[in-house]
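A.B. asks:
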Amino acid sequence: MSKLDIAIAGEINLDLILYGLPEQMPTERELLASGFTITLGSSSAILAHNLAALGSRVGFVTKVGNDSFGTLAMERLRESGVDLTHVAYGAESGVTLILPHGPQRHIFTYPGTISELRFECLDLDYLASARHFHMSSLFLQRELLPYVPELFRRMKSAGLTTSLDTNDDPDDRWDGALEKILPHVDILLPNEREAMKMSQADDVETALSRLAQKVGIVIVKMGTRGAIAIRDGRRFAAPAVPVTVVDPIGAGDSFDAGFLHKFLQGADLATCLAYGNLCGAFSTTACGGTEAFRNAARMREFLRQHDPRNQAQ
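Every letter in the sequence shown is one number past the one before it in the working numbering, and letter 219, counting from 1, is 226.
1. Can you tell me where the beta strand (DSSP E) holding N174 begins and where it ends?
2. Can you list, in chain order, the residues of its chain whose CB lies under 6 Å from that of A135, leaving out five sequence neighbours each side?
3. Taking the alpha helix (DSSP H) that M142 falls in, what are its first and last residues?
4. Taking the beta strand (DSSP E) that Q111 belongs to, which residues open and close that run?
5. Is A214 buried or exposed, if buried means 16 or more other CB atoms sit within 10 Å of its CB?
6. Taking the beta strand (DSSP E) that D12 belongs to, which residues open and close that run?
7. DSSP three-state call for K221: helix, strand or coil?
8. D22 by DSSP, collapsed to three states: which one?
9. R138: beta carbon under 7 Å from a heavy atom of the ligand PLP?
10. Relative to the C-alpha of G287, which residue among R161, H268, Q272 and H93 is closest?
11. How many Å lie between R232 and L280 at the Cα?
12. Could you tell me the boundaries of the beta strand (DSSP E) in which F243 lies?
13. Is DSSP giving I105 helix, strand or coil here?
14. Could you pull the DSSP bridge partners for N302 from this structure?
15. Name the two residues that bound the continuous alpha helix (DSSP H) containing I53.
16. Look at L171 and L151 and say whether their C-beta atoms are less than 8 Å apart.
17. Just to confirm, are V94 and V71 a CB contact at a threshold of 8 Å?
18. Report the option in T46, L131, E199 and D179 whose CA atom is closest to the CA atom of Y154.
19. State the Cα-Cα distance for the pair F270 and L11, rounded to the nearest angstrom.
20. For T291 versus V252, is the C-beta spacing smaller than 8 Å?
21. Where does Y117 land, buried or exposed, given buried means 16+ other C-beta within 10 angstroms?
22. Taking just the CA atoms, how far does G265 sit from T278?
23. With a threshold of 8 Å, are at least 3 pairs of Cβ atoms found where one atom belongs to the stretch 54–68 and the other to the stretch 12–29?
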């Protein structure tokens with residue numbers, strides 16, 4: 008029996024979030040924020056944290072800085088039960104500054120060790136000891152990116168199922184290794200914009216159709232409009248869970264956590280979609296992408312109360 012349900016290779020950083028900023032941000036002005044938080048950021052680390060909080064056995068391979076930011080990020084992951092025995096260390100941790108303006112936000116990232124994870128840093132036997140392999144933030148993996156097709160091929164050859172959430176491409180090119188990776192991906196998890204960008208489509212339906220020709224299961228996350236998926240030509244949809252939103256940061260990564268948690272339990276696609284929406288909604292009830300999941304009792308109660316199966320009884 009595998010010791011890990013899922014192995015994740017990717018980036019780690021803290022998010023520094025300033026709330027209540029003015030929409031217009033002129034230079035050379037002292038602009039005031041109404042709120043501030045430091046929390047675990049990065050799509051890969053958020054996913055690892057929240058999957059472990061849900062009860063999945065998670066192994067995370069990353070490169071983190073030997074500094075206070077790296078120490079805090081690692082503490083948050085250990086707190087949730089993520090296995091970090093194969094983490095590599097570098098000089099300076101990456102960091103992301105997020106400036107929300109209502110539904111929109113500015114995102115500034117200093118890569119640091121985010122872009123320094125190399126193929127030789129990965130223990131392939133450790134990754135292959137899991138039942139499933141996942142990557143997020145594909146285009147931030149500057150050193151690793153040329154080797155990612157081979158990484159996915161090896162994981163598939165070892166018998167693992169695989170998933171990918173590319174997140175945004177800072178260069179807005181959406182090319183390179185992606186086409187070589189997709190044949191080895193079982194589950195693709197983009198949001199609307201990402202799906203259209205990587206498929207060169209002008210609408211979500213066309214994007215979904217094009218991507219379904221390359222990947223067995225394609226999920227498109229649509230925020231307050233829920234999520235849609237296609238598998239073997241069959242379409243699935245699940246509505247969003249209505250909540251009072253505190254912060255949407257990390258909702259997509261939390262959707263991934265919920266979806267993959269149920270997928271690893273053998274649930275059908277409709278159940279996986281619904282649980283993904285449930286976890287994405289729960290994430291928005293607190294600041295950042297992991298703070299809601301740090302309260303285990305509140306998490307269990309929220310998931311119980313909003314589980315459609317319970318409400319149907």
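Idealized CB from N, CA, C, for every residue including glycine.
Remember, predicted model here, so these are calculated numbers, not experimental data.
C.D. replies: In short, the structure shows the following:
1. Run containing N174: none; DSSP gives neither H nor E here.
2. Hits under 6 Å: A165.
3. Where M142 is concerned, there is no enclosing alpha helix (DSSP H), although the beta strand (DSSP E) around it starts and stops at A137 to S143.
4. That run of the beta strand (DSSP E) goes Q111 to Y117.
5. By the neighbour-count criterion, in which 16 or more other beta carbons inside 10 Å mark a residue as buried, A214 falls on the buried side.
6. Counting along the chain, the beta strand (DSSP E) containing D12 begins and ends at L11 to A16.
7. DSSP places K221 in coil when its eight states are reduced to three.
8. Here D22 sits in strand by DSSP.
9. Ligands in the displayed structure: none, and consequently the ligand PLP is not present.
10. Minimum Cα distance to G287 is reached at H268.
11. R232 and L280 have their C-alpha atoms roughly 12 Å apart.
12. Unbroken beta strand (DSSP E) run through F243: R241 to A245.
13. Strand.
14. Answer is none; N302 lacks a bridge partner.
15. Counting along the chain, the alpha helix (DSSP H) containing I53 begins and ends at S50 to L61.
16. No. Outside cutoff.
17. Taking 8 Å as the Cβ cut-off, V94 and V71 qualify as a contacting pair.
18. When the alpha-carbon of Y154 is set against those of T46, L131, E199 and D179, the nearest one is in L131.
19. F270 and L11 have their C-alpha atoms roughly 14 Å apart.
20. In this structure, V252 lies closer than 8 Å to T291 by Cβ.
21. Looking at its Cβ environment, which holds fewer than 16 other Cβ atoms inside 10 Å, Y117 is exposed.
22. Pairing T278 with G265, the inter-Cα distance amounts to about 10 Å.
23. With a cut-off of 8 Å, the stretch 12–29 and the stretch 54–68 count as touching, because enough Cβ pairs lie within range.
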